[in-house]
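Okay, structure first, notes after.
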Amino acid sequence: MDVDEFFIPSKRYTVVKMLKDILKSKKAQKAASFILYNTWFYDDGTSLPEVATATKCINKSWPRYFTFTQRASDPVEQHKHYKYHKMIVKTKAVIGARYHWPIKVFKSYSKWYRVPPKYGLLHHYRVPAKKDVETTQSFIMSRYFDAIVKHLMKCQK
5 MDVDEFFIPS KRYTVVKMLK DILKSKKAQK AASFILYNTW FYDDGTSLPE VATATKCINK
65 SWPRYFTFTQ RASDPVEQHK HYKYHKMIVK TKAVIGARYH WPIKVFKSYS KWYRVPPKYG
125 LLHHYRVPAK KDVETTQSFI MSRYFDAIVK HLMKCQK
């Protein structure tokens, strides 16, 4: 998982509780990994309406500069493209894995279980590049720093 992505449980207090509820399903018990649907949030440079006039950051609130822009209308269709999801892996079940899916699992396990959105989603925060400008970053933390840390520092002032 990248530093700009977060597993967000729905109606659950923690990711651990979410996983315990998911594991009540027999299909989930046999899965080597859990795949969560991706929800995109983009920094469009505009504050969210409820905080647009705030003089300081509101504690424990969503980042004020990210707006929800996209979620697959058909989550199952979304999983035909590996770039659209991330997983939680059962380490005792996976022999080898890549970034987005397990490569080899022990025989008694299926490769993955698609977590229904009612349990949780993956929130993915992005700063889209301008159409005319191609950006290149040599250090992986640069994207995190540009997207998150700079905005948080502005909020602290």
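Remember, my numbering sits 4 above the position in the sequence shown when you count from 1. Every residue gets a Cβ at the ideal spot worked out from N, C-alpha and C, and that includes glycine.
{"query": "Looking only at C-alpha atoms, which of L40, S114, T18 and R102 sits nearest to K31?", "result": "S114"}
{"query": "With DSSP run on the structure shown, which of helix, strand or coil describes W66?", "result": "In this prediction, W66 scores a pLDDT of 48, lower than 50, which makes its location untrustworthy; the coordinate-derived value is nonetheless stated afterwards. Coil."}
{"query": "Classify H83 as helix, strand or coil using the three-state DSSP reduction.", "result": "The pLDDT assigned to H83 is 43, lower than 50, so where the model puts this residue is not dependable, and the model offers no usable value."}
{"query": "Evaluate contact between the segment 117 to 124 and the segment 28 to 42, counting only Cβ atoms and requiring at least three cross-stretch pairs below 8 Å.", "result": "yes"}
{"query": "Per the DSSP calculation, M91 is bridged to which residue(s)?", "result": "I39"}
{"query": "For V20, is the classification buried or exposed, using 16 other Cβ atoms within 10 angstroms of its Cβ as the cut-off for buried?", "result": "exposed"}
{"query": "Would you decide whether I26 is buried or exposed? Buried here means 16 or more other CB atoms lie within 10 Å of its CB.", "result": "buried"}
{"query": "Which residues does DSSP pair with A101 in a beta bridge?", "result": "P106"}
{"query": "List the endpoints of the continuous alpha helix (DSSP H) containing I204.", "result": "Not covered by the structure: residue 204. The range shown for the chain is 5 to 161."}
{"query": "Keeping to the same chain, check which residues put their C-beta closer than 7 Å to that of I99; ignore five residues upstream and five downstream.", "result": "K108, V109 and F110"}
{"query": "Classify K94: buried if its beta carbon has 16 or more other beta carbons within 10 angstroms, exposed otherwise.", "result": "buried"}
{"query": "I'd like to confirm the pairing. Which residues does DSSP put opposite S114 in its beta bridges?", "result": "A35"}
{"query": "In terms of residues, what are the limits of the beta strand (DSSP E) holding P121?", "result": "Looking at the DSSP string, P121 is not in any beta strand (DSSP E), and its letter there is neither H nor E."}
{"query": "Taking C-beta to C-beta, are A35 and W105 nearer than 8 Å?", "result": "no"}
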